[in-house]
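**Student:** Before I ask anything, here is the structure I am working with.
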Amino acid sequence: MFQDFEPEATRRNAGDSESSRASRGWWDRNADEYQTEHGAFLGDDRFVWGPEGLDEAEAGLLGPAGSLKGLSVLEIGAGAAQCSRWLTAQGARPVALDLSHRQLQHALRIGDSAGHIPLVEADAGALPFRDGSFDLACSAYGAVPFVAEPVKVFQEVRRVLRPGGRWVFSVTHPIRWAFPDEPGPEGLSVAASYFDRTPYVEQDERGRAVYVEHHRTLGDRVRDVVAGGFRLVDLVEPEWPAWNSQEWGGWSPLRGHLIPGTAIFVCERD
529 MFQDFEPEAT
539 RRNAGDSESS
549 RASRGWWDRN
559 ADEYQTEHGA
569 FLGDDRFVWG
579 PEGLDEAEAG
589 LLGPAGSLKG
599 LSVLEIGAGA
609 AQCSRWLTAQ
619 GARPVALDLS
629 HRQLQHALRI
639 GDSAGHIPLV
649 EADAGALPFR
659 DGSFDLACSA
669 YGAVPFVAEP
679 VKVFQEVRRV
689 LRPGGRWVFS
699 VTHPIRWAFP
709 DEPGPEGLSV
719 AASYFDRTPY
729 VEQDERGRAV
739 YVEHHRTLGD
749 RVRDVVAGGF
759 RLVDLVEPEW
769 PAWNSQEWGG
779 WSPLRGHLIP
789 GTAIFVCERD
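As numbered in the working numbering, residues 529 to 798 make up the sequence shown, in order.
Structural data, given as structure tokens:
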């Protein structure tokens, strides 16, 4: 399931359809390795917002755990649906959506004790649900960092939420784009302009994108939230906890104690 070539890393423009196609292919090819490498940290039924290990059970960004009972929740970019299993344990009624067929196969492999988490394969920019179908929506590093038109996604999320619904999503902290994506000392010196929004692209020998990640500044993210029809309630920048000694890509205790690695946007639909 893995490509037999070494992708070329570059910075260039990549539109919505190219980004979506690249993301689907990348996650289908790499889902097995991702779940093997990170599955123990993510757990089968934990809700972790990012590599720092901030747990929704402690953070309560969706609301107190006791308030989730009976609520319908859409998890976008659900992967193997670990967060949805935690939500189910709180009495919520989640739907786990992902672009990648292979990621959802891992969700089936793990399964859930209740046996009723619906799994939906779809693009976050075209949600296959009726208006006002959900009370809450969430995404832990799912979809948002990989889409060229985040406002389109936010508008879709707003459409399927009921008035007063909360939308919480986490992404790579925008400041990280100015630094090399390295966990060691080499990742502590600014190497690029924070204001360069050119996407990071890995492409094959024909120049076709096989992985795309989009950079938005912190201000861009706030403006996108507002343009999508939401009110920003909170912006959480998790600090690196003393117990977490793992390295995950460019995330590490060394960098985590000095610069933020994750930004979590807590939004509400009026």
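Built from N, CA and C at the ideal position, the CB exists for glycine as well.
1. Tell me the DSSP bridge mates of residue 790?
2. Just to confirm before moving on: does the CB-CB distance between residue 665 and residue 695 stay below 8 Å?
3. Identify, in the order they occur along the chain, each residue of the same chain with its Cβ nearer than 8 Å to the Cβ of residue 547, setting aside the five sequence neighbours on each side.
4. By the three-class DSSP mapping on this structure, what secondary structure does residue 758 have?
5. Entirely within the region 643–725 and at least 4 residues each: give me those alpha helix (DSSP H) ranges in chain order.
6. Going by the DSSP bridge assignment, what does residue 611 pair with across the sheet?
7. So residue 668 packs on residue 611, CB below 8 Å; how close in whole Å?
8. Which of the three DSSP states, helix, strand or coil, is assigned to residue 569?
9. Checking 8 Å against the spacing of the C-beta atoms, do residue 672 and residue 679 come in under that value?
10. Quick test of the definition: if touching needs 3 or more C-beta pairs under 8 Å, does the region 564–573 touch the region 749–756?
11. Under 8 Å by Cβ, that's how I've got residue 661 and residue 552 pegged, so tell me the actual separation to the nearest angstrom.
12. Can you name the start and end residues of the beta strand (DSSP E) that residue 621 belongs to?
13. Contact defined as beta carbons within less than 8 Å: I believe residue 733 pairs with residue 778. What is the distance between those atoms, to the nearest angstrom?
14. Out of 768, 580, 575, 770, point me to the one whose CA is closest to residue 624's CA.
15. So does the region 629–639 actually touch the region 594–610, counting three or more Cβ pairs closer than 8 Å?
16. For residue 794, which residues from the same chain have a beta carbon less than 6 Å from its beta carbon, with the 5 sequence-adjacent residues on both sides left out?
17. With which residues is residue 604 paired in a DSSP beta bridge?
**Tutor:** With the given structure in hand:
1. Along the sequence shown, read from residue 1 onward, the residue named residue 790 stands at position 262. For residue 790, which the question treats as bridged, DSSP gives the partners 700.
2. What you label residue 665 is simply residue 137 of the sequence shown in a count that begins at 1. What you label residue 695 is simply residue 167 of the sequence shown in a count that begins at 1. For residue 665 and residue 695, yes; Cβs fall inside 8 Å.
3. Counting from one through the sequence shown, the residue named residue 547 turns up at place 19. Here the set comprises 674, 675, 676, 727, 737, 740, 742.
4. Position 230 of the sequence shown, counted from the start, is the residue given in the question as residue 758. Strand.
5. 678–688
6. On the sequence shown, position 83 is the one that residue 611 refers to. According to DSSP, residue 611 bridges with nothing at all.
7. Along the sequence shown, read from residue 1 onward, the residue named residue 668 stands at position 140. Along the sequence shown, read from residue 1 onward, the residue named residue 611 stands at position 83. Indeed they touch by this definition, with Cβ atoms about 6 Å apart.
8. The residue you call residue 569 lines up with position 41 of the sequence shown. Residue 569: helix per DSSP, three-state reduction.
9. In the sequence shown, the residue the question calls residue 672 occupies position 144. In the sequence shown, the residue the question calls residue 679 occupies position 151. No, the Cβ-Cβ distance between residue 672 and residue 679 is not below 8 Å.
10. no
11. Locating residue 661 in the sequence shown gives position 133, where the first residue counts as 1. Locating residue 552 in the sequence shown gives position 24, where the first residue counts as 1. At roughly 23 Å, the Cβ-Cβ gap does not stay under 8 Å, so residue 661 and residue 552 are not in contact.
12. Your numbering for residue 621 matches position 93 in the sequence shown. That run of the beta strand (DSSP E) goes 621–626.
13. One-based indexing of the sequence shown puts residue 733 at position 205. One-based indexing of the sequence shown puts residue 778 at position 250. The pair is not a contact, with the Cβ atoms about 26 Å apart (cut-off 8 Å).
14. In the sequence shown, the residue the question calls residue 624 occupies position 96. Answer by Cα proximity: 575.
15. yes
16. As a working mapping, residue 794 is identified with position 266 in the sequence shown. Correct list, in chain order: 589, 696, 761, 762.
17. Sequence index remark: in the sequence shown, residue 604 carries index 76 (1-based). Paired residues: 625.
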